[in-house]
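Here the sequence shown is numbered in full-length UniProt numbering, starting from 1 and rising by one per residue.
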Amino acid sequence: MPSTSAYSRDYGNFKLLQSLDLKYAPVTVSKWRSEKTGLTVTLGNHSSPITNGYFVIASEIFDDTGRPHTLEHLIFLGSQRYPYKGVLDNLANRAGSNGTNAWTANDHTAYTINTAGSTGFLNVLPVFVDHILHATMTDAGFVTEIHHINSEGEDAGVVYSEMQGRENTSYDRMALELQRTLYPTTSAYRSETGGLLKALRVLTVEQIREYHGKYYVPYNLNLHIDGGVDVEALFKVLNETVEPMILENKDAQANGTFEPPAGWKRPFMETTTAKPNSITESVVKTVEFMEEDESVGELFITYLGPKPTDFLEGTALDILGSYLTYSATSPLQKEFIEIVEPYATSVYLYGESRVNAGEHVVMFGDVPTKHLNELPKLFFDKLKRIVKEEGIDMTRMASILRRERRAMLNRMETSVSSVLADVVIQDFLYGNEDGKDLPEAFDELKDFTILESWTAEQWAALLDKWYASAPSIGMIGKPSAKLAHEVEASDKKRIAEQKEKLGEDGLKKLKEKLEWAQKESDKPIPSEMLTVFPTVKPSELSWIPVETAINNAKNGNAKSDSGDVQRYIDADGVTLPYEAHFADVKSNFVSVGVLFDTAKLPQELMPYMALLQVCLFNLGIKRPDGTELNYEEVINQLNDFTVSSGSKFSVRSCFSEAFSVFIKAEKSQYAEAISWLRDVLLYSVFTKERLEVLIAKELQNLPAQKRDGDQVAREWCNRLCFDVEKSTSEAASLLNQLEFIPRISEELKESPDKVIKAMETLIQKVVDPSVMRVNVHGDIKGLSEPRSTLAKAFLPVKEAVSLDPLSTSAATLTELGKAPSKKLVVVPMASIEGSYSSHAAKGPRGWDHPDVPALSVAQSVLNAMESYLWKSIRGAGLAYGAHVTIDQESGFVGFRVYRSPNAMTAFKEAGRIMRTIADGTMELDENVIDAAKASMVFAYAQKSETVGAAATTAYVDEVLKGIGKDWSQRMLAEIPQVTREDIRAAIGKYYVPLFDPATSIGAVTVNVGKADEVESGFKELGFETERHELPKLGADDSDMNGSEGSESGSESGSEGEPMEDVRSP
1 MPSTSAYSRD YGNFKLLQSL DLKYAPVTVS KWRSEKTGLT VTLGNHSSPI
51 TNGYFVIASE IFDDTGRPHT LEHLIFLGSQ RYPYKGVLDN LANRAGSNGT
101 NAWTANDHTA YTINTAGSTG FLNVLPVFVD HILHATMTDA GFVTEIHHIN
151 SEGEDAGVVY SEMQGRENTS YDRMALELQR TLYPTTSAYR SETGGLLKAL
201 RVLTVEQIRE YHGKYYVPYN LNLHIDGGVD VEALFKVLNE TVEPMILENK
251 DAQANGTFEP PAGWKRPFME TTTAKPNSIT ESVVKTVEFM EEDESVGELF
301 ITYLGPKPTD FLEGTALDIL GSYLTYSATS PLQKEFIEIV EPYATSVYLY
351 GESRVNAGEH VVMFGDVPTK HLNELPKLFF DKLKRIVKEE GIDMTRMASI
401 LRRERRAMLN RMETSVSSVL ADVVIQDFLY GNEDGKDLPE AFDELKDFTI
451 LESWTAEQWA ALLDKWYASA PSIGMIGKPS AKLAHEVEAS DKKRIAEQKE
501 KLGEDGLKKL KEKLEWAQKE SDKPIPSEML TVFPTVKPSE LSWIPVETAI
551 NNAKNGNAKS DSGDVQRYID ADGVTLPYEA HFADVKSNFV SVGVLFDTAK
601 LPQELMPYMA LLQVCLFNLG IKRPDGTELN YEEVINQLND FTVSSGSKFS
651 VRSCFSEAFS VFIKAEKSQY AEAISWLRDV LLYSVFTKER LEVLIAKELQ
701 NLPAQKRDGD QVAREWCNRL CFDVEKSTSE AASLLNQLEF IPRISEELKE
751 SPDKVIKAME TLIQKVVDPS VMRVNVHGDI KGLSEPRSTL AKAFLPVKEA
801 VSLDPLSTSA ATLTELGKAP SKKLVVVPMA SIEGSYSSHA AKGPRGWDHP
851 DVPALSVAQS VLNAMESYLW KSIRGAGLAY GAHVTIDQES GFVGFRVYRS
901 PNAMTAFKEA GRIMRTIADG TMELDENVID AAKASMVFAY AQKSETVGAA
951 ATTAYVDEVL KGIGKDWSQR MLAEIPQVTR EDIRAAIGKY YVPLFDPATS
1001 IGAVTVNVGK ADEVESGFKE LGFETERHEL PKLGADDSDM NGSEGSESGS
1051 ESGSEGEPME DVRSP
């Protein structure tokens, strides 16, 4: 409906185009355009402690130079008003952000910032716009950030290294070939916007400047902002600072406007890209990718869909995709995945908006190579059978529609910022410029209402029109060990020839050029340019309200609030005989979770936990009253009322020995959610037939999982630290499952009763009230009987039990983990280019350790964008990313290198940085410290960004950590008291030993051709290295990483959990 608030009027130069209040969430969306500059602004107003900005350019390109992507990187290196690298990120941190970020897609580049509160956001907004529209794009910045040749004759640079790590992956190779096949040379969608390596090697900064001048103009820029922003304060900044800054530009018109030049064409909508496209006949192509293990590949099948503004048809296809692929009972999963010899381990359908016809891609993951060529035809035949013979199951379709409606409402609580951004960006690119399409774009409820009246014939006709009878392009991704060796040999040859051609003098000049560029890029920022911007104050934040209550176990001592919610719980029935925590937040949904401590499990059962995660919610059930449900009935009934359900190890990356099982549903179905948790935990039935299918999928998924160099490095570092015979999560980790899953697959064939008995014994051991903690999050006071419903519907525990203290990973350390020293594992991998590494040393242990405030600030200082590690490692082309970590539970500090030509050089340089800071040789910049402290305000605020995240934070801090619900606020009060000397001392005490082989351990994954070089480098530093090969797996092998678990629904992991991001490509 139209909005009548302050969000529906003009503000100075900015004339209102559209304003609406969403029908299904307390959000107002408005859009304005400046009559002076053409700049558009969209605002999504909703309650949140975080303000989010997405600044979007429609970035069309007709070649593979990667100029949209390279420009994305150069934007952050300085602007006309702020011509210093690092100004933007330093100011963003002072504004209460965790830095800035960006991504480049096929049709747009988005620059992002998220701040605690809105005051700092409004301060930094003009600076960000200046960087976008008036970037310096210096020669020096191009050398360090985009491409250069180093003194060894090797190609390097941040962007080059990034694309080197991507170009030969299965997804990138398949996607590029799809683009080449689907689009003509007149279409920008054909291009590799990230940049192909051969094109990056000859790209010039002048070409990038030319592209910037054409596309980075105010009338091709949309500022999308969401959160609790004061609209008048926003437009005061836009009218008084941003607009004048734009109009000062040399390209502004004499009449005080910034108008498009003659011949300007709206990207994609008015260029040759807009010409109608079609697939004239079906084709299937094979694309090879680098992989030593040739057992499984991938399959993409792409169709063309409706226009992006055909909202009803688009929603219908999304629903149809869920019908076909969602859950183990979907037609495609039943046909190809839920079988003893699966054709794949996953299938899903996703869409990409394009100007005239969207792309709809069906993706099959982990396809045995023996099935790659036959699977396309089998898939086509299945679709035709559904249309002509089987028809649409309207009971399932009705359930899918109900579930998708719930999921939409849930996303508005858990990820409202992303939902708003997705719609607004698509509207900016492909919608009516006056905002006329926005109301319909946001009116999914109307689409659902219409679709609920569709008949089976209408759904079958939709399937036939867009899929069954439509031509398609199939891309088979085939693993190739030969290609891996060829790429390695070709690159070595090219570099050798390049080195020879340059000669010693040429290499020396290139080294001098790089040193000059680094010096130019790292010129110190004038202090006054930063200090004029105030740092964010925690007192300015508006926290989402959470009130808690506790029902303690017999010996429990967890503390909660003592207000209305506690009184409401106390008045409801008798005390429960086990611990239950309640967090009251404003929500349409209720989440019920049960956390089990697995520390007491017998060692021989620990590896089975990975399998249990897969089994839960995917087995049949036999209730005590004799009611039996097969696995399909269980899945269908769960899907019909839940928002999400699943199981996983750890809570917000802590408590790795804790195993959680949860269901989230509408609050009216609270009792049903509890009953189903009980049934899944107590009455699941393990059968040989069902285990065969589930294990076969896990087996087949393993080869893809072990291609991930970053994950394998972290897994091996964990293996050095944690005892696989003491740690359940380590026993369920990838490294252990690479051996366990193949073995248990064979055992199931030979001795099925033994496997079934192990699983039955395991779940009985897990479901132990003495290690069980229940949590309920949602509108607690809106539930009629929150506590007595648990008593009636959950586990039949008759007597009060004593609760064991929650175990921590510190109790599972190896001898090496207790005293880290010398050991470094090297894992050669054909599937990666470059290297990744993970390192560990002793750190503070305990949630309230007195060293934590200073060490946390030190971590923030070191990891900040354009700070010490960033400049010395990323800026020098030593790695795409590097950061330090703190693990208070285990008592470790860590260092990770992400995508590096040689992780040893990045590690060595980081060690130098730590030592020079600790001994005072390198001065700690007070402005960097202030910015780091301010960015920590964002980190704590983000933990409670949504109602679900706020409830989870209260539960973790009150019950699991025992530090109190107000821990974040208390930490934020301590952080300003941390001094420069405190930081220096913390770095010296904890991070310096991390880079001393005598007190450090680690693991590195590296391309097979570079393994000797990297290993010898670490040996020279003083490490004792061990080389390990990952096991080769057969065609039916699969993957299971015990830390991830099985989940269904629209959520994954803990809401609000901060992500450790490297700036995105």
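For every residue, glycine included, the Cβ atom is placed at its ideal position computed from N, Cα and C. Computed from a predicted model, the values in this text were never measured in an experiment.
At a Cβ-Cβ threshold of 8 Å, V680 and F641 do not count as neighbours. It is roughly 8 Å from the alpha-carbon of A758 to the alpha-carbon of Y608. Residue pairing by DSSP places T104 opposite T109 in a beta bridge.
Residues of the same chain with a CB within less than 8 Å of the CB of T369, apart from the 5 flanking positions on each side, are E294, S295, V296, G297, K478, P479, A1035 in chain order.
In the DSSP annotation of this structure, the continuous segment of the beta strand (DSSP E) that includes M363 starts and ends at 359-368. Straight across, the Cα-Cα distance linking R166 with V1006 is about 15 Å. With a threshold of 16 other beta carbon atoms within 10 Å, A840 meets it and is buried. Residue pairing from DSSP places I1001 in a beta bridge opposite A840.
In the three-state scheme derived from DSSP, where H, G and I count as helix and E and B as strand, S684 is classed as strand. Within the same chain, Cβ atoms closer than 6 Å to the Cβ of R405 are found at F448, the five residues on either side in sequence being excluded. Annotation note: the segment 898-966 contains the following uninterrupted alpha helix (DSSP H) runs of length 4 or greater, listed N- to C-terminal: 903-918, 926-942, 947-955.
Between G435 and L17, the gap from beta carbon to beta carbon is short of 8 Å. F379: member of the alpha helix (DSSP H) spanning 375-385, first to last residue.
Distance between I975 and P853, taken at the CA atoms: about 6 Å. Inter-segment contact for the segment 953-960 and the segment 552-564 is present: three or more beta-carbon pairs are separated by less than 8 Å. At the C-beta level, E440 and F311 come within 8 Å of one another. Residue L324 holds the alpha-carbon nearest to the alpha-carbon of Q333 among S34, L324, R33. In the structure shown, the three-state DSSP call for S656 is strand.
With distances taken between CA atoms, R707 lies nearest to E291 out of A199, M606, E291. For the alpha helix (DSSP H) assignment, the uninterrupted runs of no fewer than 4 residues enclosed by the segment 438-504 are, from N- to C-terminal side, 438-441, 444-451, 456-463. With respect to the C-alpha of K1032, the residue from W847, Y836, P828 having the closest C-alpha is P828. With distances taken between CA atoms, Q859 lies nearest to A882 out of A876, G877, A882, W847. Under the 8 Å Cβ criterion, the segment 649-668 counts as touching the segment 805-820, having at least three qualifying pairs. Between A110 and V56, the C-beta gap is smaller than 8 Å, which places the two residues in contact. Here A583 is bridged, per DSSP, to T548, H777. For M290, the beta-bridge partners assigned by DSSP are S480. Here G1017 carries a helix assignment [DSSP, helix/strand/coil].
In summary, P997 is buried, with 16 or more beta-carbon neighbours lying within 10 Å of its beta-carbon over all protein chains present. M394 counts as exposed, since fewer than 16 other beta carbons sit within 10 angstroms of its beta carbon. Across the set A6, Y348, A25, the C-alpha of A6 shows the shortest separation from the C-alpha of S19. Shown here, D597 sits in a strand according to DSSP, grouped into three states.
Straight-line measurement puts the Cα of P261 at about 38 Å from the Cα of V361. Bridge partners of Y11 according to DSSP: F14.
Within the DSSP bridge table, the entry for D155 names I149 as partners.
Sequence-distant partners of F62 (beyond 5 residues in either direction) whose C-beta falls short of 7 Å from its own C-beta, in its chain, are A188, S191.
Residue range 231-237 is occupied by the alpha helix (DSSP H) that includes F235.
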